[in-house]
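Single-structure report; data block below.
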Amino acid sequence: MTSSRSQWKSRFGFILAASGSAIGLGNIVFFPANAYKFGGGAFYLPYLIALVLVGMPVMIAEFGLGGMTRKSFPLAMREIGGSFGEFFGWFAILNAGFITMYYITILGWVCGMGIEAVSHPVGEVFAASSTTQIDWLGGSGGTLPNPVGTFFSVVSSWTPVYAVLFVWVLNFLLVSRGTKTIEVAVKVFVPL
Numbered sequence: 587m588t589s590s591r592s593q594w595k596s597r598f599g600f601i602l603a604a605s606g607s608a609i610g611l612g613n614i615v616f617f618p619a620n621a622y623k624f625g626g627g628a629f630y631l632p633y634l635i636a637l638v639l640v641g642m643p644v645m646i647a648e649f650g651l652g653g654m655t656r657k658s659f660p661l662a663m664r665e666i667g668g669s670f671g672e673f674f675g676w677f678a679i680l681n682a683g684f685i686t687m688y689y690i691t692i693l694g695w696v697c698g699m700g701i702e703a704v705s706h707p708v709g710e711v712f713a714a715s716s717t718t719q720i721d722w723l724g725g726s727g728g729t730l731p732n733p734v735g736t737f738f739s740v741v742s743s744w745t746p747v748y749a750v751l752f753v754w755v756l757n758f759l760l761v762s763r764g765t766k767t768i769e770v771a772v773k774v775f776v777p778l
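Our numbering numbers the first residue of the sequence shown as 587 and each following residue consecutively.
See below:
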């Protein structure tokens with residue numbers, strides 16, 4: 587009995603999924619900040635060297651291994667590395683699971699902050715901070731509101747919890763239906 591595995595319907599969907607996975611949160615959030623903090627262009631050189639010497643060969647090897655064996659990563663690693671290879675494969679899967687938990691939590695917070703930002707008029711947000719609108723507009727020489735204090739005073743509710751749960755359920759529904767729904771999702775979310 588042969589098991590049927592879902593396949594990517596288009597090359598574009600696969601490229602978007604691989605790109606979204608490779609780009610990751612670190613490159614979107616931390617890379618520009620580190621490039622600015624540690625000398626701008628000088629930070630790009632070690633990054634590009636690491637990308638070319640480590641990132642691309644590992645990605646190509648992973649794709650090649652998957653194409654050659656047509657098995658899950660742990661079983662493919664068992665074919666080339668025995669029981670230690672399979673352990674390494676399961677460790678990589680566990681690591682991906684932890685990264686997924688981290689990303690989903692942050693995405694839930696972003697959704698929660700978006701809901702709160704849309705549902706509260708600007709006046710309510712700034713009234714919750716220690717500074718009035720007149721002060722931050724420069725009326726009486728005041729200062730800008732504290733963004734951390736403003737965020738936590740506005741979002742001190744169950745909204746972030748509900749948002750994280752919503753993102754978990756959405757993620758489960760998309761992944762459980764295979765590459766067909768993942769491909770549709772990456773065509774929407776990766777360009778965002």
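Ideal Cβ placement from N, Cα and C applies to all residues, glycine included.
Model, not experiment: these values are computed from the prediction.
May I ask you to report which of helix, strand or coil DSSP gives residue i?
i              : result
lysine 773     : helix
lysine 657     : coil
serine 592     : coil
leucine 637    : helix
arginine 763   : coil
tyrosine 622   : helix
tryptophan 695 : helix
tryptophan 676 : helix
tryptophan 754 : helix
leucine 778    : coil
Within 10 angstroms of the Cβ of residue i, are there 16 or more other Cβ atoms? Answer buried if so, exposed if not.
i                 : result
glycine 700       : exposed
leucine 631       : exposed
tryptophan 683    : According to the sequence as given, residue 683 is glycine; it is not tryptophan. Exposed, since its Cβ has fewer than 16 Cβ neighbours within 10 Å.
threonine 745     : buried
phenylalanine 677 : exposed
leucine 693       : buried
alanine 628       : exposed
serine 762        : exposed
alanine 749       : buried
glycine 535       : Residue 535 lies beyond the range of the chain shown here (587 to 778); nothing can be said about it.
Quick one: Cα of residue i to Cα of residue j, how far?
i                 : j                 : result
serine 669        : leucine 680       : 16 Å
threonine 691     : serine 592        : 28 Å
methionine 663    : glutamate 648     : 10 Å
isoleucine 646    : valine 704        : 42 Å
isoleucine 666    : valine 644        : 15 Å
alanine 771       : leucine 759       : 11 Å
leucine 780       : tyrosine 633      : Given a span of 587 to 778 for the chain in the structure shown, any question on residue 780 remains unanswerable.
tryptophan 594    : tryptophan 695    : 30 Å
glycine 698       : methionine 654    : 42 Å
glycine 671       : glycine 650       : 16 Å
phenylalanine 659 : phenylalanine 752 : 29 Å
lysine 623        : leucine 778       : 26 Å
alanine 608       : alanine 621       : 19 Å
threonine 764     : asparagine 757    : The amino acid at residue 764 is misidentified as threonine; the sequence shows glycine. So the two alpha carbons sit approximately 11 Å from each other.
glycine 641       : isoleucine 601    : 16 Å
phenylalanine 598 : glycine 625       : 35 Å
phenylalanine 673 : leucine 661       : 10 Å
threonine 767     : alanine 619       : 33 Å
valine 747        : phenylalanine 775 : 21 Å
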